[in-house]
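Contents: one structure, followed by commentary.
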Amino acid sequence: MIFAIGELLIDFIAVEPVDLRDVRTFEKHPGGAPANMVVGLRRLGVPAGLISKVGRDPFGEFLVERLRGEGVDTRYVAYDREVPTGVVFVQLKQAQPSFLLYDRTAYFNLRPGEIDRRFLDEADHLHFGGVMLAREPSRSACFEAVGWARERSIPVSFDVNLRLHLWEGRLGELDECMRKALGLADIVKLGDGERRFLEERGIRLDEFDLKLVAVTKGEEGSELIRGDLRVEVPAEKVEAVDPTGAGDAYMAALLAGLYALGRLKDPRLSEGELKLLGRFANLVAGLSTTRRGGWSVPRIESLEGREEIKPIVERLRGP
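Add 10 to the 1-based position in the sequence shown for our numbering, that's all there is to it.
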């Protein structure tokens, strides 16, 4: 089973393409990058669970119920009686969505010692992301769980997922956290802009012992890097409605593809395998933008008949 640790929240997505202060109508959707990712895994046929924290409130109950409805293992989602479930307001005025997050949320209140170590007995892989690292105690809880996984030789992936307003006035702290996270990961996913930002901060990916790096480039597709081998894969052409969660859909497809190929533990793929994996991840991410909300990954059965990704789809579909 693939586990992710991270934020589980409500996305309030603006219906009108205007400034947030002028929006009259929002749609409520379940969200949070790691939550989006594990739902994507389940829709692609991969067993997945989430480690997170929500408030003991109607939004928290709604989110856990929706996760269970998708077949996600929620045994390790904790409830907080004092801090509410996280909410995010999403603006779709620009080509890329912008987000307004608030600090006092249950997922940022996930504490070291609250995570049940028994998830390690079932984990084939652990994924984490950059948002939970922006605050304590969630940062320490994340690094605690990732440290346990490393001790057990469970492979780890990291989605950089920078939200710079969460690090305002603390860029030195951001640098330290990014270096620590990149040093713990086997697989890293980040956007091209995030890669440039880190390089400007003096953080280069080739400093770290990464087995696979995926760089997403929006309409240009993505780049997969394994050591000195670099593969550029063009994007799938779609009529995008809402790009919210496209990166999470890409991450889900990346891990699902590795799972299908039997390469979660050793993602050092050949050039042909990298191209296949990139085509699959780009397609899933592209299709996810044709629907609103972060839980928009297509189900694996809807991908049958596409010859360019057939080896992955057949293995995920099973006999």
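Yeah, the Cβ is synthetic: ideal placement off N, Cα and C, and Gly gets one too.
Linking Phe-129 to Leu-136 through their CA atoms gives a straight-line distance of about 10 Å.
Taking 9 Å as the cut-off, the Cβ atoms of Ile-20 and Val-98 count as close. Runs of alpha helix (DSSP H) with 4 or more residues, each lying fully within the segment 170–200, are found at 181–194, listed in chain order. Of the other Cβ atoms in all chains shown, fewer than 16 fall within 10 Å of the Cβ of Asp-113; this residue is therefore exposed. In this structure, the beta-carbon distance from Leu-194 to Val-166 falls below 9 Å. Ala-250 and Ser-306 have their C-alpha atoms spaced approximately 12 Å apart. Here Val-48 is buried. Its C-beta has 16 or more other C-beta atoms within 10 Å.
Shown here for Glu-154: same chain residues with a beta carbon closer than 6 Å to its own, the five before and five after excluded, namely Pro-122 in chain order. Taking Pro-94 as the centre and dropping the five residues before and after it, the same chain places the C-beta of Gly-65, Asp-67 closer than 6 Å to its C-beta, in chain order. When secondary structure is reduced to three states using DSSP, Asp-216 falls in the helix class. Contact check for Lys-63 against Leu-120 passes: the beta carbons are separated by less than 9 Å. If you draw a 10 Å sphere on the C-beta of Pro-253, you find 16 or more other C-beta atoms in it, and that means buried. In the structure shown, the three-state DSSP call for Pro-321 is helix. Using a 10 angstroms sphere on the CB of Thr-226, the tally of other CB atoms reaches 16 or more, which defines it as buried. The three-state secondary structure of Tyr-86, taken from DSSP, is strand. Runs of the alpha helix (DSSP H) lying entirely within the segment 35–118 and spanning at least 4 residues, in chain order: 43–53, 68–79. DSSP, reduced to helix, strand and coil, places Leu-268 within a helical segment of the structure shown.
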